[in-house]
Amino acid sequence: MGNITCLTALLITLLARGTSQQRVTCDAGQFKVGQNASVTCNFNHSVENTGHQISVMHYPFNASDRFSEKRILRCLRSNDLQPICEVAEGVLWNGNITDRLTLDIPDVTADFDGHYLCQLMPPDGMIMTVCSLTVEETPAQNSSIARSGSWTAFIIVTSTFFGLVAIPALILCIYIIW
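Taken in order, the sequence shown gives residues -21 to -1, 1 to 157; the numbers are from mature numbering (1 follows the signal peptide of the UniProt record, and there is no 0).
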């Protein structure tokens, strides 16, 4: 699954280059759970008042299929060139679009782990690029997850034992005694 996601991101990046003389770059990074994270789309010129449509998509690293993308930001331009923008829940944006657009993710969680696709759609085509945001879990969270996983495994083993061994043995003993 991870290979498919990486291959998709690479393909998108390769196809995006050379569509126009304009360029888009993307900056994200590596963050720990609970930190404030950000994704920045950089344009090589000011897109303010240009009429270009802009969107940012998220493709999780752990995606189960290729259709698990999520739209993080979408800006459409009205006739007077004022953007009409939608921002996903959990993401903050200050409303500024110049030669860059920055999305802030306060208290980042593993749900935001993945590839981010910045798209700029001028009238003559589409320009896009991909960057990755990695969210690391802290050791305390890993140990609590491990403890939780161990407890779950104990419950499963115990209930399986009673269901497959102890209860039939009890029924057999009762049958023999009667």
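Where is the CB? At the ideal position from N, CA and C, for every residue including glycine. All figures in this text were calculated on a predicted structure; none of them were measured in a lab.
Judged by DSSP in its simplified three-state form, Ile156 adopts helix. By the Cβ neighbour-count rule, Asp86 is exposed, with fewer than 16 other Cβ atoms within 10 Å of its own. Listed in chain order, the beta strand (DSSP E) runs fully inside the stretch 55 to 119 are 62 to 66, 79 to 84, 93 to 100, 106 to 115, counting runs of at least 3 residues. Secondary-structure assignment with DSSP links Arg53 through a beta bridge to Ser34, Glu65. Note: Thr4 is bridge-paired with Asn21 in the DSSP secondary-structure output. In terms of CA proximity to Asp92, Ser111 leads the group Lys49, Asp103, Ser111, Pro101.
A distance of 8 Å or more separates the beta carbons of Leu82 and Val26.
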